[in-house]
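Written out below as structure tokens is the structure these notes cover.
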Amino acid sequence: MQQNYDAETVIRSPQYERPRFGWDAWLGVVGYIAEQHSPDALLRVSLSADAARSLKWNASVRWGPYRETVKNQPALGSALSELWHEVEDNHRIFWSHQDSVRRPIPYRADSWLDDRSAAALQSLINIGHRLFADDWQIVIVYQPSELSYARVQTRILAADYAVYRGGRGATLRESCQTLYHNAIDLFTAHIQRISEHIAYEGIQ
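Under my numbering, the residue at position 203 of the sequence shown is numbered 532, and the numbers go up by one with no gaps.
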């Protein structure tokens, strides 16, 4: 029997729109993993500086009993790209070819963060360099949550853990800005201690 076909009534899945920035694509992947595999899916990125003030980026993603990690990458983009290669080589994440268009690669080196998020993160990096030399670490954690203000959490640990503060927000930018606000008293106190130490050394 010939079936009637009406192109106007065919139901099609909405076409996936690739995020402009790689960070957002990764958040989408973590959301997919949380929905399709395990609700505890989590993305963690950390960065620190070595004695030469070069940044080292680590990234990991975990869900259920699974975890993939990459370490000592020179940039956020390379860390997240290498992390995806580890995930893709060892796990089946997407259940269909249609879903596989969500892969968070490739992105250009300048297309991993939007300008405002990059600026907010860079402000924290600059503080790390200027105040704490190579004794600091920034940790960023993303976990899908119905509480939008808690999805991205950022922490700074510095000065042999004497400085420890966190911030959270719906976006990386908001989380970094909240962290800066929450930690400004510690930054100021640290500057004061440095000034007092310099003054003390000067009169010896």
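Ideal Cβ positions, reconstructed from N, Cα and C, are used throughout, including at glycine.
Who are the near neighbours of residue i in its chain, counting only those whose CB is closer than 6 Å to its CB and skipping five residues on each side?
i    : result
W386 : L376, Q402, L405 and A408
A354 : P348 and P433
V416 : E397
V470 : R373 and Q482
L501 : S446 and V481
W352 : W441 and L442
Buried or exposed: residue i, going by 16 or more other Cβ atoms within 10 Å of its Cβ?
i    : result
S477 : exposed
Y345 : exposed
E364 : exposed
R497 : buried
A381 : exposed
V399 : buried
A518 : exposed
A462 : exposed
A487 : buried
A491 : exposed
A448 : exposed
S425 : exposed
R504 : Reading the sequence as shown, one finds Ser at residue 504 and not Arg. It is buried - the Cβ of S504 has at least 16 other Cβ atoms within 10 Å.
Can you tell me where the beta strand (DSSP E) holding residue i begins and where it ends?
i    : result
R497 : V492 to G498
A487 : V481 to A487
R373 : L371 to A378
W465 : W465 to Y471
Do you know whose CA, among the options, lies nearest residue i's CA?
i    : options                   : result
Y436 : Q506, W413 and L486       : W413
R535 : S446, R373 and G360       : Lying before the first or after the last residue shown, residue 535 is absent from the chain, which here runs from 330 to 533.
R445 : Q506, V358 and V359       : Q506
A370 : G393, G498, W352 and A378 : G393
I362 : Q472, A491 and S452       : Q472
R391 : V358, A380, R382 and Y493 : V358
I513 : L460, R502 and P368       : L460
Q466 : D379, P368 and H426       : D379
R494 : S425, L453, G351 and W352 : L453
E411 : G360, A388, V430 and E503 : A388
I422 : H510, L450 and G360       : G360
V468 : A438, Q427 and L508       : L508
In the DSSP assignment, find the unbroken alpha helix (DSSP H) run with residue i in it and report its ends.
i    : result
A363 : G351 to Q365
R459 : D444 to F461
Kindly list the residues whose CB is nearer than 7 Å to the CB of residue i, restricted to its own chain and excluding five residues on each side of it in sequence; keep chain order.
i    : result
S474 : R480
I456 : F516
Y539 : The chain is shown from 330 up to 533; residue 539 falls before or after that span and cannot be answered.
D464 : A487, A488 and D489
Skipping 5 residues on each side, what residues in its chain have a beta carbon closer than 8 Å to that of residue i?
i    : result
R522 : none
Q332 : Confidence at Q332 is low in this model, with a pLDDT of 39, below 50, so the placement of that residue should be treated as unreliable; the coordinate-derived value is given next. There are no such residues.
S383 : P403
S429 : F423
Using a Cβ cut-off of 9 Å (strictly closer), state whether residue i contacts chain C.
i    : result
E475 : In the displayed structure, chain C is absent; only one protein chain is listed.
Segments assigned alpha helix (DSSP H), at least 4 residues, entirely inside the stretch 387–436: List check, alpha helix (DSSP H) in window: 405–419.
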